[in-house]
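Single-structure report; data block below.
Protein chains in written order, with the numbering used here: chain A, 399 to 584; chain B, 11 to 178.
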């Protein structure tokens, strides 16, 4: 008789000072545990390396075991770690039928650019799926660049979103562009 | 003829370099009908290449005339046998997805204008210059004839997903 059980997924995040071998160290521990890496994204900012992994295990498996196994590896690598259990309903990605847009924001650096833009988007019900910011330019003229991808709700158009951000654009004196990057199915 | 199942990677047919068609006979006409039926059955599909239905021959169909990106600039339905790109220029990046690699998308750079020579089902040769989305779609389908998937051309680690409902 087949035993029915709910396959749990875990969101594991690991952050620490960058060095060669972090990904190999963490994924070796996961491999030894028999975990599957479903989706992952890892990147380096300044000297910090951050990993976010969605992992699952084909057999019933608990969070404590996962943490116990990862802890010594993280300590050795000097990384901090957080593990969150995702229940079945959380491991479902909510899909939007609307457009996927890339929103670019850049201008003279000032406090609050990220907050003001994302607050506006949140109020419009626009869900951010990816976001990266970078401080560029010179010490005299620092320029802030933010690129984000977002799901625009059904019925909304990029033009409409751009128009709704018009006032903020003037107030912050930044450039804001909205472009469709919805994939083409071939 | 009939709608065929779109093969998905890792089916080996998708990584084969296809053979040129030697003679345009009834079997090729049937193949084209299958490709058209399969394309029309795929929601929003703008092209299908023969290896996607398991036939290792240099044949593909493209029709962007009903798509949002291509409706204003296209040559209608193209049935292409032994297509060859003879000139290409420009470059633009578009986020592509493929029926043979579901649940994944990536940013791909393609030429924005291409000239293609190919044989029609009636045996005549034709040359067209395609631009914009039609050019992208033709390059994508022709890549299939060389065993190339969009995964072989991704320009950035940043990739996306679509139509994937669950991790389970």
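We treat Cβ as the ideally placed atom computed from N, Cα and C, and that holds for glycine.
In this text the structure is predicted, and so the values were computed from the model without any measurement.
By the DSSP assignment, the beta strand (DSSP E) with residue i in it spans what residues?
{"i": "residue 123 of chain B", "result": "123 to 129"}
{"i": "residue 576 of chain A", "result": "572 to 578"}
{"i": "residue 440 of chain A", "result": "434 to 443"}
{"i": "residue 90 of chain B", "result": "88 to 99"}
{"i": "residue 136 of chain B", "result": "135 to 141"}
{"i": "residue 503 of chain A", "result": "498 to 506"}
On the DSSP bridge assignment, give the partners of residue i in chain order.
{"i": "residue 57 of chain B", "result": "B:72"}
{"i": "residue 540 of chain A", "result": "A:535"}
{"i": "residue 410 of chain A", "result": "A:451 and A:481"}
{"i": "residue 51 of chain B", "result": "Answer is none; residue 51 of chain B lacks a bridge partner."}
{"i": "residue 29 of chain B", "result": "B:67"}
Against chain A, does residue i count as a neighbour if the rule is that its beta carbon must be under 8 Å from one of theirs?
{"i": "residue 18 of chain B", "result": "no"}
{"i": "residue 121 of chain B", "result": "no"}
{"i": "residue 50 of chain B", "result": "no"}
{"i": "residue 108 of chain B", "result": "yes"}
{"i": "residue 227 of chain B", "result": "Lying before the first or after the last residue shown, residue 227 of chain B is absent from chain B, which here runs from 11 to 178."}
{"i": "residue 100 of chain B", "result": "no"}
Could you give the residue range of the alpha helix (DSSP H) that holds residue i?
{"i": "residue 114 of chain B", "result": "Premise fails: residue 114 of chain B lies in the beta strand (DSSP E), 111 to 120, not in any alpha helix (DSSP H)."}
{"i": "residue 514 of chain A", "result": "511 to 521"}
Less than 8 Å between the beta carbons of residue i and residue j, yes or no?
{"i": "residue 154 of chain B", "j": "residue 62 of chain B", "result": "yes"}
{"i": "residue 559 of chain A", "j": "residue 550 of chain A", "result": "yes"}
{"i": "residue 480 of chain A", "j": "residue 464 of chain A", "result": "no"}
{"i": "residue 502 of chain A", "j": "residue 545 of chain A", "result": "yes"}
{"i": "residue 454 of chain A", "j": "residue 436 of chain A", "result": "yes"}
{"i": "residue 164 of chain B", "j": "residue 100 of chain B", "result": "no"}
{"i": "residue 566 of chain A", "j": "residue 518 of chain A", "result": "yes"}
{"i": "residue 128 of chain B", "j": "residue 93 of chain B", "result": "yes"}
{"i": "residue 447 of chain A", "j": "residue 424 of chain A", "result": "no"}
{"i": "residue 146 of chain B", "j": "residue 105 of chain B", "result": "no"}
Return no unless some Cβ of chain B is closer than 8 Å to the Cβ of residue i.
{"i": "residue 583 of chain A", "result": "yes"}
{"i": "residue 579 of chain A", "result": "yes"}
Whole angstroms are fine: how far does the CA of residue j sit from the CA of residue i?
{"i": "residue 83 of chain B", "j": "residue 141 of chain B", "result": "8 Å"}
{"i": "residue 72 of chain B", "j": "residue 51 of chain B", "result": "14 Å"}
{"i": "residue 157 of chain B", "j": "residue 64 of chain B", "result": "12 Å"}
{"i": "residue 531 of chain A", "j": "residue 516 of chain A", "result": "12 Å"}
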